[in-house]
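Engineer: Let me begin by handing over the structure; questions about it come next.
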Amino acid sequence: MDERVDVKSLFLFFPPPQVLLLACAEDLECVPGFQQKVFYIEKPFEFTEDQLVLNLKFDDCKGNNELNFEVSNPDFTVELDGNLVALKNVSEVGRALFVHARSEHAEDMAEIFILEANEKRGALKEILKLEGNLGIPRQKRAILATPILIPENQRPPFPRLVGKVIRSEGTEGVKFRLSGKGVDQDPKGIFRINEMSGDVSVTRTLDREAIANYELEVEVVDLNGKTVDGPVRLDISVIDQNDNRPMFKEGPYVGHVMEGSATGTTVMRMAAFDADDASTDNALLRYNILRQTPTKPSPNMFYIDPEKGDIVTVVSPALLDRETMESPKYELVIEAKDMGGMDVGLTGTATATILIDDKNDHAPEFTKKEFQATVKEGVTGVIVNLTVGDRDDPATGAWRAVYSIINGNPGQSFEIHTNPQTNEGMLSVVKPLDYEISAFHTLLIKVENEDPLIPDIAYGPSSTATVQITVEDVNEGPVFHPNPMAVTKQENIPVGSVVLTVNATDPDTLQHQTIRYSVHKDPAGWLEINPTNGTVGTTAVLDRESPFVQNNVYTALFLAIDSGNPPATGTGTLHITLEDVNDNVPSLYPTLAKVCDDAKDLRVVILGASDKDLHPNTDPFKFELSKQSGPEKLWRINRLNNTHAQVILLQNLKKANYNIPISVTDSGKPPLTNTTELRLQVCTCKKSKMDCSATDALHISLSLILLSLLSLFCKSFA
Numbered sequence: 001m002d003e004r005v006d007v008k009s010l011f012l013f014f015p016p017p018q019v020l021l022l023a024c025a026e027d028l029e030c031v032p033g034f035q036q037k038v039f040y041i042e043k044p045f046e047f048t049e050d051q052l053v054l055n056l057k058f059d060d061c062k063g064n065n066e067l068n069f070e071v072s073n074p075d076f077t078v079e080l081d082g083n084l085v086a087l088k089n090v091s092e093v094g095r096a097l098f099v100h101a102r103s104e105h106a107e108d109m110a111e112i113f114i115l116e117a118n119e120k121r122g123a124l125k126e127i128l129k130l131e132g133n134l135g136i137p138r139q140k141r142a143i144l145a146t147p148i149l150i151p152e153n154q155r156p157p158f159p160r161l162v163g164k165v166i167r168s169e170g171t172e173g174v175k176f177r178l179s180g181k182g183v184d185q186d187p188k189g190i191f192r193i194n195e196m197s198g199d200v201s202v203t204r205t206l207d208r209e210a211i212a213n214y215e216l217e218v219e220v221v222d223l224n225g226k227t228v229d230g231p232v233r234l235d236i237s238v239i240d241q242n243d244n245r246p247m248f249k250e251g252p253y254v255g256h257v258m259e260g261s262a263t264g265t266t267v268m269r270m271a272a273f274d275a276d277d278a279s280t281d282n283a284l285l286r287y288n289i290l291r292q293t294p295t296k297p298s299p300n301m302f303y304i305d306p307e308k309g310d311i312v313t314v315v316s317p318a319l320l321d322r323e324t325m326e327s328p329k330y331e332l333v334i335e336a337k338d339m340g341g342m343d344v345g346l347t348g349t350a351t352a353t354i355l356i357d358d359k360n361d362h363a364p365e366f367t368k369k370e371f372q373a374t375v376k377e378g379v380t381g382v383i384v385n386l387t388v389g390d391r392d393d394p395a396t397g398a399w400r401a402v403y404s405i406i407n408g409n410p411g412q413s414f415e416i417h418t419n420p421q422t423n424e425g426m427l428s429v430v431k432p433l434d435y436e437i438s439a440f441h442t443l444l445i446k447v448e449n450e451d452p453l454i455p456d457i458a459y460g461p462s463s464t465a466t467v468q469i470t471v472e473d474v475n476e477g478p479v480f481h482p483n484p485m486a487v488t489k490q491e492n493i494p495v496g497s498v499v500l501t502v503n504a505t506d507p508d509t510l511q512h513q514t515i516r517y518s519v520h521k522d523p524a525g526w527l528e529i530n531p532t533n534g535t536v537g538t539t540a541v542l543d544r545e546s547p548f549v550q551n552n553v554y555t556a557l558f559l560a561i562d563s564g565n566p567p568a569t570g571t572g573t574l575h576i577t578l579e580d581v582n583d584n585v586p587s588l589y590p591t592l593a594k595v596c597d598d599a600k601d602l603r604v605v606i607l608g609a610s611d612k613d614l615h616p617n618t619d620p621f622k623f624e625l626s627k628q629s630g631p632e633k634l635w636r637i638n639r640l641n642n643t644h645a646q647v648i649l650l651q652n653l654k655k656a657n658y659n660i661p662i663s664v665t666d667s668g669k670p671p672l673t674n675t676t677e678l679r680l681q682v683c684t685c686k687k688s689k690m691d692c693s694a695t696d697a698l699h700i701s702l703s704l705i706l707l708s709l710l711s712l713f714c715k716s717f718a
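Residues 1 to 718 (the numbering used here) are what the sequence shown spells out, left to right.
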């Protein structure tokens, strides 16, 4: 069977609520709404006035009381009999027209898509998914499942009949079965089919933005569920309705434009998003500026490209002057409207903030030509703040000032820096000034901006200023020459010896003042100074070994005081390097030793010697034993090196305490000798334990006792 199907009944029959089918429409019950929802027409060269475009059939199934039509394009109208006609000659209408019909009992929407001549055949193929052009051959199979188009956002009641599947061989003893996403797969239960008649129904409202297309399969099975025909693909497409407003998602929207920019300068781009079908006017956006704040110097400072969303300047560069504006910030309320900007379109708004950026078109200027400053000699720090004015933006380098001294500062005694908060120039003295050298200074100061000026602006005479500085005389303290002072003396010089004579002068040469001297700091109390001539002498013996001497140097401070009112003081430092003399006897260590009475190793102890003096008045040391009494010698001493010697017993001794006199002599000229008694304890040793508690009577040779008495006797007469 190779019948040809009438293309009109196939191409122009797009429910819901009607059914897209190859059967007769008269067999279906009345469903309120347009009898045909979607139309495709070929675009003419021009729609002429009163031209009939097509006829729309609307039936609310109750007589169409109070029926009226609205067309998305105001150049067209629908008459009461359903004829869509042009009100005037129209050449551009866009890609689609939308007709809204409303009666007392029902309302619906029809869509008329306008195709170029070369698009019509392709559109048919795409919609119906069939090969052919004007006559579409039926496929040679028992099941015919034509594509179904369903508008989104349908209102109840549900279920609604949306299509029909036909089996050419009849349905006796078989039934239809529908499957796929939307039937038995998530989201389940959206579509269902009458097993006997093949009627396809939708059970709920559809949302194209959630799912735009459903690919189902329909098959014919016997009463036992065994497949007889199919499966055949059934495509259901959700027709978009304009149910989404444009949205601005990328805010905040902030743009910048330089003051004085040429007319037509692009500032920024606004872009809105519409979730509706991008191939329809439902998502065709047009932009418009609803409001500008502030409205001066012109209420129309900017223009937005209705299609691209580009915001550009439309005023002359002279009006785009940041310094004369009420505010350098403009806020534009931008509207995006779908349906190509038609009145029936949905809208969304956003605020665009435009900042007029400053350029350096104003040079900084001093507030006066000459500044005065007074500073005392010898003082450093800020002496005057130089003020400037600049009309540029304080937050930019076009306003921030940079100061420089261009004349009058050969000694680099002055520096100038910018106060970051006030933009003032802080002029400072960095090297103390001397009234006696110069009582007046004149500086020439220049101010510029961090950013360069624009080419047609230059720095003028007001960008330089003079600063007159007066130096005030103060009573300055006397100054020691040199300072610090250094001298070398031998320690132990006689009391009253002259160390040196200090010299201080008064820098106030014009005041002819006298100077007196005094001791300021003398840690050991060794020195005095003549208050008139500055001669420093000793009042005590200088001792190099004193704790007040560090690294052989003794330090004292002296004052020089002038006769001014009030008097001024200068401080001088004296370093005395002390040379060593042999004035300290050597000392011996340790002074106690222990040994076992049955020791096999009779080397008792190693002795060391030290001396507070410096070389060559110290080692090598000479170690000696005083004369031993008795018939036999008990110990001897052996020199190990320049600073150490070893005491050795010549035989084992009984348990007792012994005192051994040992003399140590240094290498000074003349040498000094010191005699020290080494206390030797002879103890009992058992099992690695030394017992020295119960000693026998003290064994001290008579000669040692006599030597000790003689030493005490000599000291008492010393």
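Note that beta-carbon positions come from the ideal geometry of N, C-alpha and C, so glycine has one too.
How about Gly411 and Asp451: are their beta carbons less than 8 Å apart?
Structural biologist: Taking 8 Å as the Cβ cut-off, Gly411 and Asp451 do not qualify as a contacting pair.
Engineer: Look at Ala86 and Val53 and say whether their C-beta atoms are less than 8 Å apart.
Structural biologist: Yes, they are a contact pair.
Engineer: Can you tell me whether Ala350 is buried or exposed? The criterion is at least 16 other CB atoms within 10 Å of its CB, across all chains shown.
Structural biologist: Answer is buried; the Cβ neighbour count reaches 16.
Engineer: Who are the near neighbours of Asp752 in its chain, counting only those whose CB is closer than 7 Å to its CB and skipping five residues on each side?
Structural biologist: Given a span of 1 to 718 for the chain in the structure shown, any question on residue 752 remains unanswerable.
Engineer: Quick check on Ser201: does DSSP put it in helix, strand or coil?
Structural biologist: Strand.
Engineer: I need the straight-line Cα distance from Asp601 to Leu527, nearest angstrom please.
Structural biologist: Distance between the alpha carbons of Asp601 and Leu527: 57 Å.
Engineer: For the region 369-381 against the region 330-348, do three or more pairs of beta-carbon atoms, one drawn from each stretch, fall closer than 8 Å, so that the two count as touching?
Structural biologist: No, the region 369-381 does not touch the region 330-348.
Engineer: Please report the straight-line C-alpha distance between Gly477 and Ala560, rounded to a whole angstrom.
Structural biologist: When rounded, the distance between both Cα atoms is 8 Å.
Engineer: Suppose contacts are defined by Cβ-Cβ distances below 8 Å. Is Met605 in contact with Val682 by that definition?
Structural biologist: Residue identity differs from the one stated: residue 605 is Val in this sequence, not Met. Cβ atoms of Val605 and Val682: not closer than 8 Å.
Engineer: Give the C-beta separation of Val379 and Leu427 to the nearest angstrom, bearing in mind that I take them to be a contact with Cβ-Cβ under 8 Å.
Structural biologist: That pair is no contact at about 14 Å.
Engineer: Is Thr539 buried or exposed, if buried means 16 or more other CB atoms sit within 10 Å of its CB?
Structural biologist: The residue is exposed, with fewer than 16 neighbouring Cβ atoms inside 10 Å.
Engineer: With respect to the beta strand (DSSP E) encompassing Pro661, which residues constitute its N-terminal and C-terminal limits?
Structural biologist: It spans Ala656 to Thr665 - the beta strand (DSSP E) in which Pro661 sits, taken as one unbroken run.
Engineer: Buried or exposed: which applies to Ser316, given that a residue is buried once 16 or more other Cβ atoms fall within 10 Å of its Cβ?
Structural biologist: So Ser316 ends up on the exposed side.
Engineer: Under the three-state reduction of DSSP, which class applies to Ala540: helix, strand or coil?
Structural biologist: Residue state, collapsed to three classes: coil.
Engineer: Work out the CA separation of Ser197 and Thr227 for me, nearest whole Å.
Structural biologist: Cα to Cα, the separation comes out at about 17 Å.
Engineer: Take the Cβ of Met109 as the centre, count every other Cβ of all protein chains shown within 10 Å, and call the residue buried at 16 or more, exposed below.
Structural biologist: The residue is buried, with at least 16 neighbouring Cβ atoms inside 10 Å.
Engineer: According to DSSP, is Gly33 helix, strand or coil?
Structural biologist: Of the three classes helix, strand and coil, the one that applies to Gly33 here is strand, per DSSP.
Engineer: Between which two residues does the beta strand (DSSP E) harbouring Asn231 extend?
Structural biologist: At residue 231 the sequence reads Pro, which differs from the Asn that was named. Looking at the DSSP string, the run of the beta strand (DSSP E) that includes Pro231 is Thr227 to Ile239.
Engineer: Start and end of the beta strand (DSSP E) containing Glu677?
Structural biologist: First-last of the beta strand (DSSP E) with Glu677: Thr673 to Lys686.
Engineer: Report yes or no: do three or more beta-carbon pairs, one from the region 472-486 and one from the region 414-421, lie closer than 8 Å?
Structural biologist: No contact exists between the region 472-486 and the region 414-421.
Engineer: Straight-line CA distance for Ala106 to Asp240?
Structural biologist: Near 20 Å, if we compare the C-alpha coordinates of Asp240 and Ala106.
Engineer: State the Cα-Cα distance for the pair Asp60 and Ser327, rounded to the nearest angstrom.
Structural biologist: Near 59 Å, if we compare the C-alpha coordinates of Ser327 and Asp60.
Engineer: Please classify Val430 as buried or exposed, where buried requires at least 16 neighbouring CB atoms within 10 angstroms.
Structural biologist: By the 10 Å Cβ count, Val430 comes out exposed.
Engineer: Among Asn617, Ile637 and Ser626, which one has its Cα closest to the Cα of Gly608?
Structural biologist: Answer by Cα proximity: Ile637.
Engineer: When burial is assigned at 16 or more other CB atoms within 10 Å of the CB, is Tyr589 buried or exposed?
Structural biologist: Exposed is the call here.
Engineer: For Gln35, count the other beta carbons within 10 Å of its own beta carbon; 16 or more makes it buried, fewer makes it exposed. Which is it?
Structural biologist: Buried, because 16 or more other Cβ atoms sit within 10 Å of the Cβ of Gln35.
Engineer: Tell me which same chain residues have a C-beta within less than 7 Å of the C-beta of Ser298, skipping the five on either side of it?
Structural biologist: Result list for Ser298: Val315 and Leu319, in chain order.
Engineer: According to the neighbour-count rule (16 or more other Cβ atoms, all chains shown, within 10 Å of its Cβ), is Lys164 buried or exposed?
Structural biologist: Buried, by the Cβ-count rule.
Engineer: Going by alpha carbons, who is nearest to Asp522 out of Tyr554, Asn89 and Thr48?
Structural biologist: Per the Cα distances, Tyr554.
Engineer: What does a CB cutoff of less than 6 Å around Thr665 pick up in its chain, not counting 5 residues either side in sequence?
Structural biologist: Contacts found: Lys622, Pro671 and Thr673.
Engineer: Tell whether a beta-carbon distance below 8 Å holds between Ala556 and Asp562.
Structural biologist: No, they are not a contact pair.
Engineer: Is Gly425 buried or exposed, if buried means 16 or more other CB atoms sit within 10 Å of its CB?
Structural biologist: So Gly425 ends up on the buried side.
Engineer: Which whole-angstrom value is the C-beta distance of Pro177 and Glu219, which I expect to be below 8 Å?
Structural biologist: Before going further, note that residue 177 is Arg rather than Pro in the sequence given. Contact holds; Cβ gap of about 5 Å.
Engineer: What are the boundary residues of the beta strand (DSSP E) that includes Gln185?
Structural biologist: From DSSP, Gln185 is part of no beta strand (DSSP E); its letter is neither H nor E.
Engineer: I believe Thr77 touches Gln154 by the beta-carbon criterion, under 8 Å. Please report the beta-carbon distance rounded to the nearest angstrom.
Structural biologist: With a Cβ gap of about 26 Å, Thr77 and Gln154 do not count as contacting.
Engineer: Closest to Ile576 by CA distance: which of Lys612, Ala593 and Val498 is it?
Structural biologist: Of the candidates Lys612, Ala593 and Val498, the one whose C-alpha sits nearest the C-alpha of Ile576 is Val498.
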